[in-house]
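Those protein sequence lines, which keep their order, are chains V and H.
The numbering of the first sequence is our numbering, which starts it at 1 and goes up by one.
The numbering of the second sequence is our numbering, which starts it at 115 and goes up by one.
Where is the CB? At the ideal position from N, CA and C, for every residue including glycine.
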Amino acid sequence: AQSVTQPDIHITVSEGASLELRCNYSYGATPYLFWYVQSPGQGLQLLLKYFSGDTLVQGIKGFEAEFKRSQSSFNLRKPSVHWSDAAEYFCAVGERGSQGNLIFGKGTKLSVKP
Amino acid sequence: DSGVTQTPKHLITATGQRVTLRCSPRSGDLSVYWYQQSLDQGLQFLIQYYNGEERAKGNILERFSAQQFPDLHSELNLSSLELGDSALYFCASSVAKEAYNSPLHFGNGTRLTVT
Chain V
1 AQSVTQPDIH ITVSEGASLE LRCNYSYGAT PYLFWYVQSP GQGLQLLLKY
51 FSGDTLVQGI KGFEAEFKRS QSSFNLRKPS VHWSDAAEYF CAVGERGSQG
101 NLIFGKGTKL SVKP
Chain H
115 DSGVTQTPKH LITATGQRVT LRCSPRSGDL SVYWYQQSLD QGLQFLIQYY
165 NGEERAKGNI LERFSAQQFP DLHSELNLSS LELGDSALYF CASSVAKEAY
215 NSPLHFGNGT RLTVT
């Protein structure tokens, strides 16, 4: 069965520091991978997605993610974190022919220290 | 602003009651998805409608039902409510039939509290 694991429930980084949020997936076929962000009191917003091609994808707000098939990972990175990046981040995977719904990880909450 | 509208924002009700959550998708989107978000289960897919027809079912209880109307808005009906149904319920919409094929646009959710 498809599954998505985000090993870190909560991460705290200092403003200006780099960030990496981990995501591992379990999937048979070529996955379609996504990162969403949820700010307090808001719905989820798409940061970036990977379908095929270049394994390093750029997203909004200065985020990027790298697909590594050998490690079944799709980690999210940002070189310099801003206080406004404090939110919860969700990795998700989809599959062609799976009736189309996405499987979400349980999320990583990011706190940013001044 | 995602363009997806959910009402009400908050709902407090008693066990055994029935409630209806409403979702208006983004203009032009034909797919509507319902998700339940709780602390212990995370974000769970409930059901999807595409252009008025049910397309996919996830972990939706038999006490829950949904429909999508001709104007594409959707309603999620929750009945015989239990304490464990307390959660944040999200609606999302997209242009395509398949969730992987186009971004999901999420509403701000309805927080349901069952007392």
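In chain H, which residues lie less than 8 Å from residue i when you measure between Cβ atoms?
i, result
"V/G41", "N222"
"V/N101", "Y147, F159, Q162, A170, G172, A213"
Cβ of residue i less than 8 Å from any chain H Cβ?
i, result
"V/F63", "no"
"V/Y32", "yes"
"V/F67", "no"
"V/F104", "yes"
"V/G107", "yes"
Give me, in chain order, the residues of the same chain whose beta-carbon lies closer than 7 Å to that of residue i; leave out the 5 immediate sequence neighbours on both sides.
i, result
"V/A87", "V37, Q38, S39, L110"
"H/L197", "T129, V228"
"H/S208", "D143, S145, S216, P217, L218, H219"
"V/L56", "E64, E66"
"H/G171", "Sequence inspection shows Lys at residue 171 of chain H; the Gly mentioned does not correspond to that position. The residues are I161."
For a cutoff of 8 Å on Cβ pairs, would you count residue i as touching chain V?
i, result
"H/P139", "no"
"H/G166", "no"
"H/Y203", "no"
"H/L230", "Since the first and last residues shown for chain H are 115 and 229, residue 230 of chain H lies out of range."
"H/P122", "no"
"H/G156", "yes"
"H/S188", "no"
"H/S116", "yes"
Less than 8 Å separating the beta-carbons of residue i and residue j?
i, j, result
"H/A210", "H/Y147", "no"
"V/K106", "V/Q6", "yes"
"H/K188", "H/C205", "Sequence check: residue 188 of chain H is Ser here, not Lys. In contact: H/S188 and H/C205 (Cβ atoms closer than 8 Å)."
"V/V81", "V/G41", "no"
"H/D199", "H/L190", "no"
"H/L186", "H/P139", "yes"
"V/V4", "V/F67", "no"
"V/L102", "V/L21", "no"
"V/K113", "V/S14", "yes"
"H/L153", "H/I174", "no"
"V/F74", "V/Y25", "yes"
Keeping to the same chain, check which residues put their C-beta closer than 6 Å to that of residue i; ignore five residues upstream and five downstream.
i, result
"V/F51", "Y32"
"H/S179", "N191"
"V/H10", "K109"
"V/L44", "Y36, Q38"
"H/N97", "Any question about residue 97 of chain H goes unanswered here, given that chain H covers just 115 to 229."
"V/A92", "F34, L102, F104"
In chain H, which residues lie with their C-beta within 7 Å of the C-beta of residue i?
i, result
"V/G94", "A213, Y214"
Who are the neighbours of residue i on chain V, taking C-beta pairs under 9 Å?
i, result
"H/L218", "F34, Y36, L44, L46, A92, L102"
Just list the residues that DSSP pairs residue i with in beta bridges.
i, result
"H/T224", "H/Y203"
"H/A231", "A question about residue 231 of chain H goes unanswered here, because the residues of chain H that appear run from 115 up to 229."
"H/H124", "H/R225"
"V/K113", "V/S14"
"H/G117", "Paired residues: none, contrary to the question."
"V/K78", "V/L19"
"V/A65", "V/V57, V/L76"
"H/S145", "H/Y164, H/S208"
"H/R136", "H/T121, H/E189"
"V/E88", "V/Q38, V/K109"
I'd like the list of long-range same chain contacts for residue i, defined as Cβ closer than 8 Å, with 5 residues on each side in sequence excluded.
i, result
"V/D116", "Past the edges of chain V, shown from 1 to 114, lies residue 116 of chain V, and the structure says nothing about it."
"H/Q151", "L157, Q158, A201, L202, Y203, F204, G223"
"V/S18", "R77, K78, P79, S80, V81"
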